[in-house]
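For reference, the structure is listed below as structure tokens.
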Amino acid sequence: MPYVLIGRTHSFYGKRLWELVGHLKEFGAGRLVVRSRFERYPEPCYFRIVSARPNFDNGRPHKDEDNMEGKVLVEKIFRGKNYGVVDISDSAYKTDFRLIHKHEETKYLRALQTCTPRQINILPRTVEMPTLLKMVAEREGHERTVLTMKTSTNPCNARVAEEGEQPNVNISVGLGTPVSPQLYKGVI
172 MPYVLIGRTH SFYGKRLWEL VGHLKEFGAG RLVVRSRFER YPEPCYFRIV SARPNFDNGR
232 PHKDEDNMEG KVLVEKIFRG KNYGVVDISD SAYKTDFRLI HKHEETKYLR ALQTCTPRQI
292 NILPRTVEMP TLLKMVAERE GHERTVLTMK TSTNPCNARV AEEGEQPNVN ISVGLGTPVS
352 PQLYKGVI
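Numbering (my numbering), first residue to last: 172 to 359.
Following this line, the structure appears as structure tokens:
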């Protein structure tokens, strides 16, 4: 009788980072590590381990048998962009890491050099209010019918246009372009 798996699937395929660096000299300083979650991007994504210090003695015996605690500093390359040295200790416990062999490291480094940067989306400075919000604003006596655009501070590939700059992304009120236009034939 076959086993029936119940529940959600996960995207973690690999080992914990501490399982990998625990068997390497100097805890893998200088080696490349890849997360399987980031292999879906066409641009190169990898981590170069700068230093790893596991926390062996935490005062609680048998609490951390798998040694999942410690501090890991890596040089982060995400989608072809170098983000410098970052601390990934919070995600080192995930079973998502794969060690790159020495003979494959040149392939990743060469891919970083030949990588073309992503196009930055330039958003307009103001956007027209949605229809219902515009009606409520007019009813309450507000003169403004446009909203000023703000983006998050996280590094992404979008930014707000500066004064006099032409945006390359058009944001308009409406349903946008549907994925399957044949479903909306005669409706829109």
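Glycine included, every Cβ here is placed at the ideal spot set by N, Cα and C.
Rounded distance between the beta-carbons of residue j and residue i, thought under 8 Å
i: F183; j: K265; result: 6 Å
i: V344; j: P301; result: 6 Å
Cα-Cα separation, residue i to residue j
i: N339; j: G357; result: 31 Å
i: V317; j: N292; result: 20 Å
i: F218; j: S351; result: 39 Å
i: Q353; j: G347; result: 14 Å
i: E240; j: N226; result: 6 Å
i: R281; j: M306; result: 55 Å
i: K321; j: E333; result: 12 Å
i: K196; j: P173; result: 43 Å
i: L304; j: L244; result: 47 Å
i: R289; j: N328; result: 7 Å
i: I271; j: T277; result: 10 Å
i: A223; j: V192; result: 8 Å
i: V221; j: F268; result: 16 Å
i: E275; j: T180; result: 29 Å
i: G199; j: A308; result: 59 Å
i: D258; j: E311; result: 49 Å
i: G335; j: S323; result: 22 Å
i: K273; j: L176; result: 37 Å
i: P349; j: H194; result: 51 Å
Option in the options with minimal Cα separation from residue i
i: V256; options: K242, R269, F268, D267; result: K242
i: F249; options: E309, M300, E214, S343; result: E214
i: Y212; options: S260, A308, R179, G251; result: G251
i: N134; options: I259, Y254, R179, G185; result: In the structure as shown, the chain starts at 172 and stops at 359, and residue 134 therefore has no counterpart that could be examined.
i: R315; options: N328, V298, T180; result: V298
i: Q337; options: H313, H194, P295, H181; result: P295
i: R187; options: I177, V175, R206; result: R206
i: T319; options: I342, R310, G312, E311; result: I342
i: E190; options: A263, H313, G335, H181; result: A263
i: C286; options: E246, D261, C216; result: C216
i: L283; options: D258, E309, K247; result: K247
i: R202; options: D261, G335, S260, Y279; result: Y279
i: G185; options: G178, V204, P349, H313; result: V204
Any non-hydrogen atom of the ligand COA closer than 6 Å to residue i Cβ
i: V344; result: What this structure holds is no ligand at all, so the ligand COA is not there to describe.
Original post:
Taking only runs of the beta strand (DSSP E) that begin and end inside the stretch 317–358, which ones reach a length of at least 3 residues, in chain order?
Top reply: 317–319, 329–331
**OP:** Please specify which runs of the beta strand (DSSP E), each continuous and at least 3 residues long, are wholly inside the stretch 202–230, giving them in chain order.
**Re:** 203–206, 217–225
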